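Enquirer: Please find one structure pasted underneath; my questions will follow.
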Amino acid sequence: MGIEVVLIKGDGVGPEVSKSVVDILDAAECGIEWIEVEAGLPAIERYGTPLPENVIDIVKDKGVALKGPVTTPVGKGFRSVNVTLRQSLDLYVNLRPVRSLPGVASRYKDVDLVIVRENTEGLYKGIEYEVVDGVVESIKVITRTASLRIAKFAFEYAVRKGRKKVTAAHKANIMKMVDGLFLQCFREVAEKYPDIEADEKIIDNLCMQLVLNPDKFDVLVMENFYGDVVSDLAAGLVGGLGVAPGANIGDKIGVFEAVHGSAPDIAGKGIANPIALLQSAILMLEYLSLDEKAELVYKALCYTLECKGIKTPDLGGTATTEEFTKAVIDSLEKV
Ligand code: NAI
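Using the numbering used here, you'd call the opening residue of the sequence shown number -7 and step up by one each time.
Below is the structure:
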């Protein structure tokens, strides 16, 4: 029996990019046994809910999942499946490495930074209500427990990966209590890691500096909402959302998914870029201690981009998702 991994294909481009990644990992003989469950629009059609209870249970039980994007209705409708999954499984870290890929044109050549986003609270706690007609409130929740553990993860990650600096992004000049507490927790944790440089940036300034000088940053830690926005900005530094991977990690569970959403504008056209989910799957292979397989798949990906020059349209190429997938599978033999 292989290693059991829950597969949630999601909706929009999710099934297209998931198929690609499963085909590549199977061709690389990673020894994964996929257990497929549905969430998002297909689950609504079949079970009347976007997140059936058994999805949470099975992810809890197996401990590892690969997840495609899931659409969330804007301004109305059901609560985000992604947020619910992260909060109910206590996947408190959203790890988003941002690294330049060979053969992918972008403004900078050597971007190599990691965003550590708090994943369970902040402005995404989901507490919104109408106070009186015409006045609504959304509550930002910051707790000492969650802020300490996310800062600790960021510093531990820096130590483990030989990184030199952790930057906390905040807006404690304006939100003195919520962001003030986040920052205070960051400083407390930073004191325990004298070998790692602790840096602080106000979030708007950080965005400007990231665009101008991404090489000045190493590990970045921030609350949920800032992390969501800054991840997309950072994806733009290395080729866009088609390439940016992510991992949702708790104490015992890992759910691996791309930064991008369901991309309704290109869904069903067969041109979605599977690299973001493929790189998320590479993070998953590392999480499962399949380091050699992770390296093999990463090398095949780089070979496809750099030596063969095969890319999907979002990266300026002409390949379909299927053609790109086949090229990566063929490259497994060459690296
Ligand atoms: P999006 O990330 O789906 O798309 C933004 C832009 O990037 C679009 O132009 C799209 O074509 C492009 N893009 C995204 N992924 C791509 C890929 N693999 N290959 C090539 N181009 C790609 O963001 P948008 O449009 O704001 O959100 C669409 C839906 O996705 C919303 O319902 C949103 O709530 C949901 N969403 C879900 C996420 C998840 O499941 N983790 C994360 C982010 C958004």
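No residue lacks a Cβ here, since even glycine has one placed at the ideal position from N, Cα and C. No experiment lies behind these values; they were computed from the predicted model shown.
Measure the alpha-carbon distance for I258 versus P186 and round it to whole angstroms.
Expert: Within the sequence shown, numbered from 1, the residue matching residue 258 stands at position 266. Within the sequence shown, numbered from 1, the residue matching residue 186 stands at position 194. Taking C-alpha positions only, I258 is separated from P186 by approximately 47 Å.
Enquirer: Thinking C-alpha only, which one of I(-5), K1 and E215 is nearest A146?
Expert: On the sequence shown, position 154 is the one that residue 146 refers to. Among I(-5), K1 and E215, the Cα nearest to that of A146 belongs to E215.
Enquirer: So, helix, strand or coil for G260, using DSSP?
Expert: Translated into the one-based positions of the sequence shown, residue 260 becomes position 268. Note: G260 maps to coil in three-state DSSP.
Enquirer: Answer yes or no: the CB of N111 versus the heavy atoms of ligand 1, is any distance below 8 Å?
Expert: Locating residue 111 in the sequence shown gives position 119, counting from the first residue. Checking every heavy atom of ligand 1 against the Cβ of N111, none is found closer than 8 Å.
Enquirer: Apart from the five residues on each side of it in sequence, which residues of its chain come closer than 6 Å, Cβ to Cβ, to K291?
Expert: Looking up residue 291 in the sequence shown gives position 299. V327, listed in sequence order.
Enquirer: Specify whether the region 259 to 272 and the region 233 to 242 touch according to this definition: at least 3 beta carbon pairs, one from each stretch, less than 8 Å apart.
Expert: yes
Enquirer: Name the DSSP beta bridge partners of K10, please?
Expert: Sequence index remark: in the sequence shown, residue 10 carries index 18 (1-based). Residue identity check: residue 10 is Ser in the sequence provided, not Lys. Answer is none; S10 lacks a bridge partner.
Enquirer: If you measure from each residue's Cβ to the nearest non-hydrogen atom of ligand 1, which ones come out under 5 Å, in chain order?
Expert: Those satisfying the condition are, in chain order, P61, V62, T63, T64, N74, L233, G234, H252, G253, S254, A255, D257, I258, A264, N265 and D306.
Enquirer: Give the C-beta separation of V133 and E120 to the nearest angstrom, bearing in mind that I take them to be a contact with Cβ-Cβ under 8 Å.
Expert: Start at 1 with the first residue of the sequence shown, and residue 133 comes out as number 141. Start at 1 with the first residue of the sequence shown, and residue 120 comes out as number 128. Taking 8 Å as the upper bound for CB-CB distance, V133 and E120 are not in contact here, some 12 Å apart.
Enquirer: Mind pulling the alpha helix (DSSP H) runs of 4 or more residues that sit fully within the region 171 to 206?
Expert: 195 to 204
Enquirer: For E314, I'd like the list of residues in its chain whose CB is within less than 7 Å of its CB, leaving aside the five on either flank, ordered along the chain.
Expert: Residue numbering aside, residue 314 sits at position 322 when the sequence shown is read from its first letter. If we look at E314 and ignore the five residues flanking it on each side, its Cβ neighbours are G262.
Enquirer: With 16 as the cutoff for other CB atoms within 10 Å, does P42 come out buried or exposed?
Expert: The count along the sequence shown starts at 1 and reaches residue 42 at position 50. Buried is the call here.
Enquirer: Do you know how far the Cα of G246 is from the Cα of P57?
Expert: Position 65 of the sequence shown, counted from the first residue, corresponds to residue 57. Position 254 of the sequence shown, counted from the first residue, corresponds to residue 246. For the sequence presented, residue 57 should be read as Ala rather than Pro. Using only the alpha carbons, I get a separation of about 6 Å.
Enquirer: How is I16 classed by DSSP in three states: helix, strand or coil?
Expert: As a working mapping, residue 16 is identified with position 24 in the sequence shown. Three-state result, I16: helix.
Enquirer: Quick test of your reading: V383 and G118, contact by CB under 8 Å. State the CB separation rounded to the nearest angstrom.
Expert: Outside the displayed span of the chain (-7 to 327) sits residue 383, for which this structure offers no information.
Enquirer: Could you pull the DSSP bridge partners for A329 from this structure?
Expert: Not covered by the structure: residue 329. The range shown for the chain is -7 to 327.
Enquirer: By the three-class DSSP mapping on this structure, what secondary structure does A160 have?
Expert: One-based indexing of the sequence shown puts residue 160 at position 168. Three-state result, A160: strand.
Enquirer: Roughly how many angstroms separate the alpha carbons of E287 and L275, rounded to a whole number?
Expert: Sequence index remark: in the sequence shown, residue 287 carries index 295 (1-based). Sequence index remark: in the sequence shown, residue 275 carries index 283 (1-based). Straight-line Cα distance between these residues: approximately 10 Å.
Enquirer: At which residues does the beta strand (DSSP E) containing A239 begin and terminate?
Expert: In the sequence shown, counting from the first residue as 1, residue 239 sits at position 247. Element bounds for A239: A239 to I241.
Enquirer: My guess is that L105 and F209 are in contact by the Cβ rule of under 8 Å, so how many angstroms apart are they, rounded?
Expert: Residue numbering aside, residue 105 sits at position 113 when the sequence shown is read from its first letter. Residue numbering aside, residue 209 sits at position 217 when the sequence shown is read from its first letter. Indeed, because the Cβ distance is near 5 Å, the residues count as touching under 8 Å.
Enquirer: Identify whether D125 lies in helix, strand or coil by the three-state DSSP scheme.
Expert: Along the sequence shown, read from residue 1 onward, the residue named residue 125 stands at position 133. Residue state, collapsed to three classes: coil.
Enquirer: Leaving out five residues before and five after Q79 in sequence, what residues of the same chain have Cβ atoms less than 7 Å from its Cβ?
Expert: As a first step, residue 79 is located in the sequence shown; it is residue number 87 there, counting from the start. Closer than 7 Å at the Cβ level, and outside the excluded window around Q79, lie T112.
Enquirer: What runs of the alpha helix (DSSP H), each 4 residues or longer, lie entirely inside the region 52 to 113?
Expert: For the region 52 to 113, whole alpha helix (DSSP H) runs of length 4 or above, ordered along the chain, are 73 to 80.
Enquirer: Pick helix, strand or coil for E25, following the three-state DSSP scheme.
Expert: If you number the sequence shown from 1, residue 25 lands on position 33. Residue state, collapsed to three classes: strand.
Enquirer: Determine which residues share a DSSP beta bridge with M(-7) and list them.
Expert: Residue -7 sits at position 1 when you count from the first residue of the sequence shown. According to DSSP, which records beta bridges pairwise, M(-7) is partnered with nothing at all.
Enquirer: Which residue's Cα is closest to the Cα of D283: G23, I302 and P206?
Expert: Stepping through the sequence shown from its first residue, residue 283 is reached at position 291. Answer by Cα proximity: G23.
Enquirer: Let's test the definition: count the other Cβ atoms within 10 Å of the Cβ of G40 and tell me whether it reaches 16, buried, or not, exposed.
Expert: Residue numbering aside, residue 40 sits at position 48 when the sequence shown is read from its first letter. That one is exposed.
Enquirer: Assuming Y149 and V211 are in contact, meaning their beta carbons sit under 8 Å apart, how far apart are those beta carbons, in whole angstroms?
Expert: Taking the sequence shown and counting its residues from 1, one reaches residue 149 at position 157. Taking the sequence shown and counting its residues from 1, one reaches residue 211 at position 219. So it is a contact: roughly 6 Å between Cβ atoms.
Enquirer: Does the region -3 to 9 come close enough to the region 53 to 67 to have 3 or more Cβ pairs within less than 8 Å?
Expert: yes
Enquirer: Please report the residue range of the alpha helix (DSSP H) in which L43 lies.
Expert: The residue given as residue 43 occupies position 51 in the sequence shown. Unbroken run through L43: none, as it is neither H nor E.
Enquirer: On the three-state DSSP scale, how would you describe E298?
Expert: As a first step, residue 298 is located in the sequence shown; it is residue number 306 there, counting from the start. E298 falls in the helix class under three-state DSSP.
Enquirer: What residue from N205, L307, D196 and G154 has the CA that sits closest to V221's CA?
Expert: For this step, residue 221 is matched to residue 229 along the sequence shown. Selected option, being the one with the closest Cα: D196.
Enquirer: Looking at the secondary structure, which residues open and close the beta strand (DSSP E) in which L212 lies?
Expert: Taking the sequence shown and counting its residues from 1, one reaches residue 212 at position 220. That run of the beta strand (DSSP E) goes V211 to M214.
Enquirer: Could you check how far apart the C-beta atoms of D306 and G232 are, in whole angstroms? I think they sit under 8 Å.
Expert: Here the question's residue 306 lines up with position 314 in the sequence shown. Here the question's residue 232 lines up with position 240 in the sequence shown. Their Cβ separation, rounded to whole angstroms, is 6 Å, which keeps D306 and G232 in contact under 8 Å.
Enquirer: Cutting at 8 Å between CB atoms, please list the residues of its own chain near K101, excluding the five before and the five after it.
Expert: Locating residue 101 in the sequence shown gives position 109, counting from the first residue. The answer, listed in chain order, is S92.
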